[in-house]
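S.K.: Numbering of the sequence shown is given in our numbering, commencing with residue 16 and proceeding in unit increments.
For glycine and all other residues, C-beta sits at the position ideal for the given N, C-alpha and C.
My structure is below; once you've seen it, I'll send some questions.
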Amino acid sequence: MHESTRRRELGRGERVLPGVWRLRLALPWPGVPHCNAWALAAGDGIVLVDCGLHEEGSLAQLERAMAQVGLRLADVRLLVCTHAHSDHYGQAADVIDASGCELWMHPNHAHMTSTAESPDEALSRRLEVARMSGVPVAPLAEWAAHARRRGDGVTRVVEPDRKLVQGVMFDTDLGPWSAHETPGHAPSHVCLHQPQRRILISGDHLLGRVSLYFDYGWTPDPVGEFLDSLDKVQRLDARLCLAGHARTFTDVRAHIEANRALVQERLGCVREVVGEHGPITAYDVVPLLYGEPITTLNASWRLPETLCYLRHLELTGALRREDGEPERWVAPR
Ligand SMILES: [Zn+2]
Ligand SMILES: [Zn+2]
Numbered sequence: 016m017h018e019s020t021r022r023r024e025l026g027r028g029e030r031v032l033p034g035v036w037r038l039r040l041a042l043p044w045p046g047v048p049h050c051n052a053w054a055l056a057a058g059d060g061i062v063l064v065d066c067g068l069h070e071e072g073s074l075a076q077l078e079r080a081m082a083q084v085g086l087r088l089a090d091v092r093l094l095v096c097t098h099a100h101s102d103h104y105g106q107a108a109d110v111i112d113a114s115g116c117e118l119w120m121h122p123n124h125a126h127m128t129s130t131a132e133s134p135d136e137a138l139s140r141r142l143e144v145a146r147m148s149g150v151p152v153a154p155l156a157e158w159a160a161h162a163r164r165r166g167d168g169v170t171r172v173v174e175p176d177r178k179l180v181q182g183v184m185f186d187t188d189l190g191p192w193s194a195h196e197t198p199g200h201a202p203s204h205v206c207l208h209q210p211q212r213r214i215l216i217s218g219d220h221l222l223g224r225v226s227l228y229f230d231y232g233w234t235p236d237p238v239g240e241f242l243d244s245l246d247k248v249q250r251l252d253a254r255l256c257l258a259g260h261a262r263t264f265t266d267v268r269a270h271i272e273a274n275r276a277l278v279q280e281r282l283g284c285v286r287e288v289v290g291e292h293g294p295i296t297a298y299d300v301v302p303l304l305y306g307e308p309i310t311t312l313n314a315s316w317r318l319p320e321t322l323c324y325l326r327h328l329e330l331t332g333a334l335r336r337e338d339g340e341p342e343r344w345v346a347p348r
């Protein structure tokens, strides 16, 4: 969509703590109006955590948000991405070009980078998953057209200079931060932790309101990985969370528990739906699980989320899939 046809919110910067700034950037997505990048004071410059989605005019909005708190792209000494989704990694190439900084990100980023490098292949893989999940032909064609129109939100693919795996650290004026691998939401997801001040930069692993999304098809069991990641983050015992979207929050433990509860509720619901209606396709599970029809807009996250629940229940032996095209799910007797 063009600047002239969409009323875009302007990028905004605000200080949340001495040496920590929130950069709020608009997103073109329904229901997800903005994302956050975080600037952390580090010597004569900053460490930038995440950088917003690329679309027409988006870099100027990042610069505007930074300027509001007295920062410039040239101040970036290091760019750290919590994960490779476009709203966190999309402008990485622009930030690197403007500042000459390094990019640190988890190496399991193929879910984004291979998609951005071979979009047609990625789209046909997604459509094949959709077809096997029971999506009828007409919505399939509509989804393909929608996906092509939407673009990928990435300026260009840049490889990380350093693999941001478990335990990698970087320094800021607040003290050192360490990376904690937290796959589930995305295979490349890490949370960043500052232990002395008990601050967590949570990316999309924990958000102010519970909102689940899992990348399907890149790792064996995204739901199981997400639950393990919740346990791992709970052990860090953070008291302030700077999340990838919306405002900061302090009741970190309660947020972790709310995520766990919602995952368990949905797993229970999927199990019930399949027990009652099986053999059933994933596509037919979606409206029964969420209580509303699957649409072009919600399909890109609800179908993968449902597939991830089915996959987790398959691994735990609670459900199994019947061979065939499309695949149908049943509860073993
Ligand atoms: Zn994400
Ligand atoms: Zn996000």
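Between Ala52 and Leu63, which are expected to be in contact by the criterion C-beta below 8 Å, what is the C-beta distance as a whole number of angstroms?
M.R.: What you label residue 52 is simply residue 37 of the sequence shown in a count that begins at 1. What you label residue 63 is simply residue 48 of the sequence shown in a count that begins at 1. That pair is a contact at about 6 Å.
S.K.: Just curious, the beta strand (DSSP E) that Gln209 is in, first and last residue?
M.R.: Looking up residue 209 in the sequence shown gives position 194. Its beta strand (DSSP E) spans residues 205-209.
S.K.: State the Cα-Cα distance for the pair Thr296 and Gly149, rounded to the nearest angstrom.
M.R.: Here residue 296 refers to the residue found at position 281 of the sequence shown. Here residue 149 refers to the residue found at position 134 of the sequence shown. Going by the C-alpha atoms only, they are around 6 Å apart.
S.K.: For Phe185, which of helix, strand or coil comes out of DSSP?
M.R.: Sequence index remark: in the sequence shown, residue 185 carries index 170 (1-based). Residue state, collapsed to three classes: strand.
S.K.: Quick one: grab the DSSP three-state call for Ile295.
M.R.: By one-based count along the sequence shown, residue 295 stands at place 280. Looking at Ile295 - three-state DSSP - the assignment turns out to be strand.
S.K.: Glu117 and Leu155: beta carbons closer than 8 Å?
M.R.: Looking up residue 117 in the sequence shown gives position 102. Looking up residue 155 in the sequence shown gives position 140. Taking 8 Å as the Cβ cut-off, Glu117 and Leu155 do not qualify as a contacting pair.
S.K.: I'd like to check one pair, Lys247 with Thr197: are the Cβ atoms closer than 8 Å?
M.R.: One-based indexing of the sequence shown puts residue 197 at position 182. One-based indexing of the sequence shown puts residue 247 at position 232. In this structure, Lys247 lies closer than 8 Å to Thr197 by Cβ.
S.K.: With a cut-off of 8 Å on the beta carbons, I'd call His204 and Thr97 a contact; round off their distance for me.
M.R.: Here the question's residue 204 lines up with position 189 in the sequence shown. Here the question's residue 97 lines up with position 82 in the sequence shown. About 6 Å separates the two Cβ atoms, so the contact holds.
S.K.: Between the beta-carbon of Val110 and the beta-carbon of Val95, is there less than 8 Å?
M.R.: In the sequence shown, counting from the first residue as 1, residue 110 sits at position 95. In the sequence shown, counting from the first residue as 1, residue 95 sits at position 80. Not in contact: Val110 and Val95 (Cβ atoms no closer than 8 Å).
S.K.: Throw me the rounded Cβ distance for the Leu325 and Trp344 pair, which I believe falls under 8 Å.
M.R.: As a working mapping, residue 325 is identified with position 310 in the sequence shown. As a working mapping, residue 344 is identified with position 329 in the sequence shown. Between Trp344 and Leu325 the Cβ distance is about 6 Å, and since that is below 8 Å, they are a contact.
S.K.: With a threshold of 8 Å, are at least 3 pairs of Cβ atoms found where one atom belongs to the segment 328-341 and the other to the segment 177-187?
M.R.: No, they do not touch.
S.K.: Going by beta-carbon coordinates alone, are Ala131 and Val169 separated by less than 8 Å?
M.R.: Start at 1 with the first residue of the sequence shown, and residue 131 comes out as number 116. Start at 1 with the first residue of the sequence shown, and residue 169 comes out as number 154. Going by C-beta atoms, Ala131 is nearer than 8 Å to Val169.
S.K.: At a cut-off of 7 Å, would you count Ala333 as near ligand 1, judging by its Cβ distance to the nearest heavy atom?
M.R.: Walking along the sequence shown from the start, residue 333 turns up at place 318. The answer is no for Ala333.
S.K.: Using the C-alpha atoms, what's the distance from His260 back to Leu25?
M.R.: In the sequence shown, residue 25 corresponds to position 10, counting from 1. In the sequence shown, residue 260 corresponds to position 245, counting from 1. If I take the Cα positions, the gap works out to 15 Å.
S.K.: From the DSSP output, in three-state form, read off Asn123 for me.
M.R.: For the purposes of this step, residue 123 is taken as residue 108 along the sequence shown, with counting starting at 1. Coil at Asn123, not helix or strand.
S.K.: Can you grab the Cα-Cα spacing for the pair Arg349 / Ala99, in whole Å?
M.R.: Residue 349 falls outside the range modelled here, since the chain spans only 16 to 348, and no answer is possible.
S.K.: By the 10 Å Cβ neighbour count, where 16 or more other Cβ atoms means buried, how is Val288 classified, buried or exposed?
M.R.: Looking up residue 288 in the sequence shown gives position 273. Buried, since its Cβ has 16 or more Cβ neighbours within 10 Å.
S.K.: Report yes or no: do the segment 120-134 and the segment 237-245 share at least 3 C-beta pairs separated by less than 8 Å?
M.R.: Because the criterion of three Cβ pairs below 8 Å is not met, the segment 120-134 and the segment 237-245 do not touch.
S.K.: Could you give the distance in angstroms between the alpha-carbon of Leu142 and the alpha-carbon of Asp266?
M.R.: As a first step, residue 142 is located in the sequence shown; it is residue number 127 there, counting from the start. As a first step, residue 266 is located in the sequence shown; it is residue number 251 there, counting from the start. Going by the C-alpha atoms only, they are around 40 Å apart.
S.K.: In terms of alpha-carbon separation, which member of Asp167, Arg165, Ala253, Ala54 lies closest to Pro33?
M.R.: What you label residue 33 is simply residue 18 of the sequence shown in a count that begins at 1. Among Asp167, Arg165, Ala253, Ala54, the Cα nearest to that of Pro33 belongs to Ala54.
S.K.: Span of the alpha helix (DSSP H) holding Ser315?
M.R.: To locate residue 315, count along the sequence shown from 1; it is residue 300. 311-330 is the extent of the alpha helix (DSSP H) around Ser315.
S.K.: Is it the case that the CB of His126 approaches a heavy atom of ligand 1 more closely than 7 Å?
M.R.: Within the sequence shown, residue 126 is the residue found at index 111, counting from 1. His126 Cβ: outside cutoff for every heavy atom of ligand 1.
S.K.: When you compare only the Cα positions, how much space is there between Ser101 and Leu312?
M.R.: Here residue 101 refers to the residue found at position 86 when the sequence shown is read from its first residue. Here residue 312 refers to the residue found at position 297 when the sequence shown is read from its first residue. Taking the straight line joining both Cα atoms gives about 17 Å.
S.K.: Where Arg164 and Glu157 are concerned, what is the direct C-alpha to C-alpha distance, given to the nearest angstrom?
M.R.: Taking the sequence shown and counting its residues from 1, one reaches residue 164 at position 149. Taking the sequence shown and counting its residues from 1, one reaches residue 157 at position 142. Distance between the alpha carbons of Arg164 and Glu157: 11 Å.
S.K.: What are the boundary residues of the alpha helix (DSSP H) that Ala153 is part of?
M.R.: As a working mapping, residue 153 is identified with position 138 in the sequence shown. 152-165 is the span of the alpha helix (DSSP H), which, as asked, contains Ala153.
S.K.: Provide the residue span of the alpha helix (DSSP H) that contains Val144, from first to last.
M.R.: For the purposes of this step, residue 144 is taken as the residue at position 129 of the sequence shown. Taken as a continuous stretch (DSSP letters only), the alpha helix (DSSP H) holding Val144 covers 134-147.
S.K.: Beta-carbon distances below 5 Å to any heavy atom of ligand 1 define the shell here; list its residues in chain order, please.
M.R.: Taken from the N-terminal end onward, the list reads His100, Asp219.
S.K.: Quick one: is Gln106 buried, meaning 16 or more other Cβ sit within 10 Å of its Cβ, or exposed?
M.R.: What you label residue 106 is simply residue 91 of the sequence shown in a count that begins at 1. It is buried - the Cβ of Gln106 has at least 16 other Cβ atoms within 10 Å.
S.K.: Do you know offhand how far Leu215's Cα is from Arg37's?
M.R.: Stepping through the sequence shown from its first residue, residue 215 is reached at position 200. Stepping through the sequence shown from its first residue, residue 37 is reached at position 22. About 14 Å.
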